[in-house]
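This report concerns only the one structure given below.
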Amino acid sequence: MGLSALMGSAQAQLVISEVLYDAPNNDSTEEFVELFNAGCTTVDLSGYSINDNAGSFALAGQLAAGQYLTVARSASGFAALFGSQPDISGMTLALGNSGDYVQLKNGTSLVDQVAWEGGLSGWSLNATNVALARATFSSASNQNDWQVAANAGSPGSGPLQSDCGGNETPATALANGVAQTDLGTAAQASLHFYIDVAQAPLTVTSSGGSGDADLYVKAGSAPSTADYDCRSINSGNGESCVVNSTGRVYIDLYGYSAFSGVILSASFDTGSDNGGGDGDTDSYYASALGKTGSALKAALNTILQDSVNFTYSQVWDQLEYTDEDPNNSNNVILLYSGRSEAKSFRAGQTNDQDAWNREHVWAKSHGFPSSSQWAYTDIHHLRPADVSINSSRGNKDFDWGGSPLSESPDNKTDSDSFEPADTVKGDVARMLFYMDVRYEGNDSTGVPDLTLVHSTGTSGAQLGDLCTLLEWNAQDPVSAWEERRNERVYERQHNRNPFIDHPEWAQAIFGASCN
Numbered sequence: 001m002g003l004s005a006l007m008g009s010a011q012a013q014l015v016i017s018e019v020l021y022d023a024p025n026n027d028s029t030e031e032f033v034e035l036f037n038a039g040c041t042t043v044d045l046s047g048y049s050i051n052d053n054a055g056s057f058a059l060a061g062q063l064a065a066g067q068y069l070t071v072a073r074s075a076s077g078f079a080a081l082f083g084s085q086p087d088i089s090g091m092t093l094a095l096g097n098s099g100d101y102v103q104l105k106n107g108t109s110l111v112d113q114v115a116w117e118g119g120l121s122g123w124s125l126n127a128t129n130v131a132l133a134r135a136t137f138s139s140a141s142n143q144n145d146w147q148v149a150a151n152a153g154s155p156g157s158g159p160l161q162s163d164c165g166g167n168e169t170p171a172t173a174l175a176n177g178v179a180q181t182d183l184g185t186a187a188q189a190s191l192h193f194y195i196d197v198a199q200a201p202l203t204v205t206s207s208g209g210s211g212d213a214d215l216y217v218k219a220g221s222a223p224s225t226a227d228y229d230c231r232s233i234n235s236g237n238g239e240s241c242v243v244n245s246t247g248r249v250y251i252d253l254y255g256y257s258a259f260s261g262v263i264l265s266a267s268f269d270t271g272s273d274n275g276g277g278d279g280d281t282d283s284y285y286a287s288a289l290g291k292t293g294s295a296l297k298a299a300l301n302t303i304l305q306d307s308v309n310f311t312y313s314q315v316w317d318q319l320e321y322t323d324e325d326p327n328n329s330n331n332v333i334l335l336y337s338g339r340s341e342a343k344s345f346r347a348g349q350t351n352d353q354d355a356w357n358r359e360h361v362w363a364k365s366h367g368f369p370s371s372s373q374w375a376y377t378d379i380h381h382l383r384p385a386d387v388s389i390n391s392s393r394g395n396k397d398f399d400w401g402g403s404p405l406s407e408s409p410d411n412k413t414d415s416d417s418f419e420p421a422d423t424v425k426g427d428v429a430r431m432l433f434y435m436d437v438r439y440e441g442n443d444s445t446g447v448p449d450l451t452l453v454h455s456t457g458t459s460g461a462q463l464g465d466l467c468t469l470l471e472w473n474a475q476d477p478v479s480a481w482e483e484r485r486n487e488r489v490y491e492r493q494h495n496r497n498p499f500i501d502h503p504e505w506a507q508a509i510f511g512a513s514c515n
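Residue numbers (UniProt numbering): 1 to 515.
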């Protein structure tokens with residue numbers, strides 16, 4: 001989204017880029033606010049002000065395109081902390097440490113804002129002794145555009161770029177599925193590429209090397225940090241973007257910090273069998289075909305490890321695609337209730353208990369409580385679910401019996417287990433079979449060996465009840481919805497759920513435990 005979309009006016013080129021509200025030594029001398037001109041022309045600051053919940057501070061002067069401006073409470077305190085002088089000192093705002101905000105205004109019109117610790121509704125950022133830094137542009141009301149810095153800030157510099165369009169250097173053509181290797185550049189510099197896409201979607205990934213390369217992709221014209229169709233800004237170089245466009249697509253690798261040795265690949269389906277997608281999957285499972293028992297499980301584990309890892313915030317967007325209502329592209333289908341719900345009506349945007357959130361079907365407390373562990377964000381078992389129904393399920397095992405839920409009586413629960421509706425019993429079982437096979441504690445995902453067991457009331461990296469799940473797999477066959485979702489997850493995460501493609505493999509791997 002470009003900055004013109006941010007505010008709907010030419011003045012939207014000016015944004016807040018960094019704030020130090022809880023300083024490491026002395027708030028009254030070290031606090032500062034930084035602005036950035038993301039446009040292509042100089043901005044006259046007359047009429048602009050920065051504001052918090054207790055006052056306003058008028059700005060003056062000019063800010064050139066692509067430049068930062070620091071506004072500090074004390075020139076001497078700022079200099080002692082950063083070794084340089086601020087552009088403007090004497091800021092009269094005294095930023096609160098336990099819930100406040102900074103708003104940039106042009107006259108009385110809101111241009112941009114950032115808040116922390118509940119200073120504005122929906123904002124929960126918390127930065128003690130370090131700065132809040134804008135990583136990208138989305139809207140003036142999106143805290144996901146912000147991150148907690150590793151230090152007190154880097155006033156006068158940062159990852160933001162002017163929204164002027166075009167590449168500074170010629171772009172390199174990419175061939176479908178052919179990786180570019182050993183890529184590198186300096187901090188705040190970009191490498192530019194393009195690919196001509198015959199069939200959507202296009203999947204772009206970067207990996208390997210050292211440093212921190214961020215990925216920006218845009219169809220039809222060159223991207224920037226302010227204008228893109230897809231961005232991936234994980235820490236390090238494990239990035240992935242999917243763009244549903246044909247024609248020429250432009251790709252930038254941007255140095256959030258200097259990087260080297262990075263591998264970049266862009267690929268799209270040409271219509272031939274690639275081991276995934278609609279139709280025959282034999283080539284994808286080639287090394288597993290003909291095996292059974294532990295040999296089959298080991299072969300599938302190796303196949304499934306070739307996948308993409310998402311951040312937890314990226315999961316929202318992934319689920320809006322994988323679980324999209326086929327009859328209403330503005331909605332997602334909720335697990336357990338089967339209700340079609342607006343994509344925008346999600347937890348965090350509202351406190352309504354009928355909103356949807358991200359249900360970990362394999363409860364995250366059973367083996368992977370940290371978002372840095374890959375299973376925490378594996379979208380094969382993450383599903384949109386009604387907040388209150390998700391709460392009723394909690395981290396219980398799955399089994400028969402219990403009392404019907406008043407909101408959704410096809411689902412039942414008791415003290416140690418949850419029974420989903422008949423229409424999704426098989427779906428739940430096949431997601432859990434996948435998790436047991438995918439995560440064996442033998443890779444670098446940080447996830448222990450996840451194990452399905454024939455019991456309830458489990459703890460640690462176990463979940464039950466295995467034998468009930470085998471019954472459900474047989475009772476509720478694979479549906480067209482599951483097949484569609486499996487294809488969409490494969491597009492995004494690059495691995496498949498083998499128990500949707502081959503439901504008979506559940507008995508071949510787990511059946512002996514229940515005979």
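The beta carbon of each residue, even a glycine, is placed where N, CA and C say it ideally should be.
Under the assumption that residue i contacts residue j (Cβ atoms under 8 Å), give the Cβ distance between them as a whole number of angstroms.
i: Asp414; j: Gly401; result: 6 Å
i: Trp116; j: Leu132; result: 6 Å
i: Asp212; j: Ser283; result: Contact doesn't hold; Cβ gap of about 35 Å is too wide.
i: Ser49; j: Leu59; result: 6 Å
i: Gly446; j: Ser372; result: 6 Å
i: Pro470; j: Gly511; result: With the sequence shown as reference, residue 470 is identified as Leu, and Pro is not the correct amino acid for it. Confirmed, Cβ separation roughly 7 Å.
i: residue 530; j: Val43; result: A query on residue 530 cannot be resolved here, the shown segment of the chain reaching from 1 to 515 and no further.
i: Thr205; j: Ser240; result: 5 Å
i: Lys291; j: Tyr250; result: Between Tyr250 and Lys291 the Cβ distance is about 44 Å, and since that is not below 8 Å, they are no contact.
i: Asn176; j: Ser267; result: 6 Å
i: residue 547; j: Ser388; result: As shown, the chain starts at 1 and ends at 515. That puts residue 547 outside it, with no answer to give.
Span of the alpha helix (DSSP H) holding residue i?
i: Leu432; result: Lys425 to Arg438
i: Asp510; result: According to the sequence shown, residue 510 is Phe rather than Asp. Trp505 to Phe510 is the extent of the alpha helix (DSSP H) around Phe510.
i: Asn301; result: Gly293 to Leu304
i: Asn390; result: Val387 to Arg393
Among the candidates the options, whose CA atom is the shortest distance from the CA of residue i?
i: Ile195; options: Ser265, Gln188, Glu117 and Pro477; result: Ser265
i: Asn495; options: Glu359, Ile303, Pro409 and Gln103; result: Ile303
i: Asp323; options: Tyr376, Ala299, His380 and Leu14; result: His380
i: Glu31; options: Leu95, Asn237, Ser371 and Ile389; result: Leu95
i: Pro498; options: Ser513, Val478, Asn515 and Ala512; result: Val478
i: Ala80; options: Asp449, Ser513 and Asn25; result: Asn25
i: Asn144; options: Thr311, Lys343, Ala506 and Asn97; result: Thr311
i: Ser28; options: Met91, Thr246 and Leu432; result: Met91
i: Gly367; options: Tyr101, Ile263 and Met435; result: Met435
i: Phe193; options: Val178, Ser408 and Gln199; result: Val178
i: Gln113; options: Gly107, Lys343, Tyr101 and Ser124; result: Tyr101
i: Val148; options: Thr128, Pro159 and Gln314; result: Thr128
i: Ile88; options: Thr185, Asn53 and Leu45; result: Leu45
i: residue 527; options: Trp481, Glu482, Asp476 and Leu466; result: No statement about residue 527 is possible, as the shown extent of the chain runs from 1 to 515 and does not include it.
i: Asp269; options: Val15, Gln507, Tyr490 and Leu14; result: Tyr490
i: Leu63; options: Phe57, Ser56 and Gly39; result: Gly39
i: Tyr21; options: Ala72, Gln67, Val111 and Asp252; result: Ala72
Is residue i a contact residue of the ligand COA, with contact defined as CB to any heavy atom under 8 Å?
i: Leu215; result: The model depicted lacks the ligand COA and carries no ligand whatsoever.
What first and last residue would you give for the beta strand (DSSP E) that runs through residue i?
i: Val316; result: This sequence places Trp at residue 316; Val is not what is there. Segment Tyr312 to Thr322 is the alpha helix (DSSP H) holding Trp316; no beta strand (DSSP E) there.
i: Arg248; result: Gly247 to Ser267
i: Thr70; result: Tyr68 to Ala72
i: Leu104; result: Asp100 to Asn106
i: Phe146; result: The sequence shown places Trp at residue 146, not Phe. Note, Trp146: beta strand (DSSP E), Trp146 to Val148.
i: Ser109; result: Ser109 to Trp116
i: Ala133; result: Leu132 to Arg134
i: Cys230; result: Cys230 to Ser232
Which term fits residue i, buried or exposed, when burial requires 16 or more other beta carbons within 10 angstroms of its beta carbon?
i: Ser272; result: Because Ser272 sits at a pLDDT of 42, beneath the cut-off of 50, its placement in the model cannot be relied upon, and the following sentence gives the value as read from the coordinates. Exposed, by the Cβ-count rule.
i: Trp505; result: buried
i: Asp278; result: Since pLDDT at Asp278 reaches only 41, below the 50 mark, its modelled position is unreliable, and no value is offered.
i: Asn515; result: exposed
i: Thr203; result: buried
i: Pro409; result: exposed
i: Gly220; result: exposed
i: Asn351; result: exposed
i: Gly77; result: buried
i: Ser392; result: buried
i: Gln493; result: buried
i: Asn331; result: buried
i: Gly426; result: buried
i: Asn244; result: exposed
i: residue 516; result: No statement about residue 516 is possible, as the shown extent of the chain runs from 1 to 515 and does not include it.
i: Ser190; result: buried
i: Asp386; result: buried
Runs of beta strand (DSSP E) wholly within the stretch 176 to 226 (minimum 3 residues, chain order): As far as the stretch 176 to 226 is concerned, its whole beta strand (DSSP E) runs of at least 3 residues are 180 to 185, 190 to 197, 202 to 207 and 210 to 219.
Ordered list of alpha helix (DSSP H) runs contained in the UniProt region "Disordered" (398 to 421), each at least 4 residues: Segments of the alpha helix (DSSP H) lying fully in the UniProt region "Disordered" (398 to 421): there are none.
In chain order, each beta strand (DSSP E) run of at least 3 residues that lies wholly inside the stretch 316 to 371: Runs found: 328 to 333, 340 to 342 and 356 to 360.
Minimum length 4: unbroken alpha helix (DSSP H) runs contained in the stretch 21 to 98: Counting only runs of 4 or more, we get 27 to 30 and 75 to 82.
Complete runs of the alpha helix (DSSP H) confined to the stretch 436 to 505 [at least 4 residues]: Within the stretch 436 to 505, the runs of alpha helix (DSSP H) at least 4 residues long that lie entirely inside it are, in chain order, 466 to 475, 480 to 493 and 498 to 501.
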